[in-house]
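Have a look at the structure below, then the notes.
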Amino acid sequence: MQLETERLLIREVKAQDFEAIHAYASDPNVVRYMIWGPNSEQDTQDHIQRCLNMQLQIPRAGYEWAVVLKQTGRLIGGCGLHVEQPLQAELGYCFHADYWGQGYAFEAATALLKFGFGELGLHRMYATCRPANIGSEKVMQKAGMKYEGHLREHMWHKGQWHDSYLYSILKHEFKGMTG
Numbered sequence: 764m765q766l767e768t769e770r771l772l773i774r775e776v777k778a779q780d781f782e783a784i785h786a787y788a789s790d791p792n793v794v795r796y797m798i799w800g801p802n803s804e805q806d807t808q809d810h811i812q813r814c815l816n817m818q819l820q821i822p823r824a825g826y827e828w829a830v831v832l833k834q835t836g837r838l839i840g841g842c843g844l845h846v847e848q849p850l851q852a853e854l855g856y857c858f859h860a861d862y863w864g865q866g867y868a869f870e871a872a873t874a875l876l877k878f879g880f881g882e883l884g885l886h887r888m889y890a891t892c893r894p895a896n897i898g899s900e901k902v903m904q905k906a907g908m909k910y911e912g913h914l915r916e917h918m919w920h921k922g923q924w925h926d927s928y929l930y931s932i933l934k935h936e937f938k939g940m941t942g
């Protein structure tokens, strides 16, 4: 299973992707706003195994994909979609720092929205980010997601409580269904 955009190939994770995934997943700067990482080699191996296991689910509830530049074949990040019932899903993305600010996260997020609303028939999709993660917040806004609220100290990770901003979009609000 794979998705394709103008510049990206969004495909299933493979065991051979370890080096490229570990390059961004172990970078403290990349994961500073994530609820995981920085990854040890074992953490990255475990993540890849979870991705491979997801691919075997029937019905499938989780999708974790590698994001690859079509022009070069280089793996530059990952994105995911986790389906909940009824007809809702959470989406997320993480990219190597060398590829920040170039529109790749927006392109991947839009592809996930098209897939979720189109192929999966979802009604609502949502995403969260830490309040200081301005880049991620801008991706959600540009994708047409609406701010729903500020979740205050709702998550304990890395030895402290964290806040999140919650954004969502409903199928009838998503402009990408016609384009």
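Using the working numbering, the first residue of the sequence shown is number 764, and each one after it goes up by one.
For each residue, glycine too, the CB sits at the ideal point set by N, CA and C.
Item	Value
Exposed unless 16 or more other CB atoms sit within 10 angstroms - verdict on G922	exposed
M918 - DSSP class collapsed to helix/strand/coil	strand
Assigned exposure category for S803 - 16 Cβ within 10 Å defines buried	exposed
Coarse secondary structure for F878, derived from DSSP in three states	helix
Counted within 10 angstroms of its Cβ, other Cβ atoms place Y910 as buried (16 or more) or exposed	exposed
Whole-angstrom distance between I811 and A871, CA atom to CA atom	19 Å
Validate contact between the stretch 781-796 and the stretch 836-850 using beta carbons, cut 8 Å, 3 pairs	yes
Where the beta strand (DSSP E) containing D780 begins and where it ends	Here D780 belongs to no beta strand (DSSP E), and DSSP marks it neither H nor E.
Beta-carbon proximity list for Y862, same chain, < 7 Å, skipping 5 on both sides	I839 and G840
When Q848, W919 and G864 are compared against K901, the one with the closest alpha-carbon	G864
C-beta atoms of A874 and L772 nearer than 8 Å	no
A895, buried or exposed, once every other Cβ within 10 Å from all chains shown has been counted against 16	exposed
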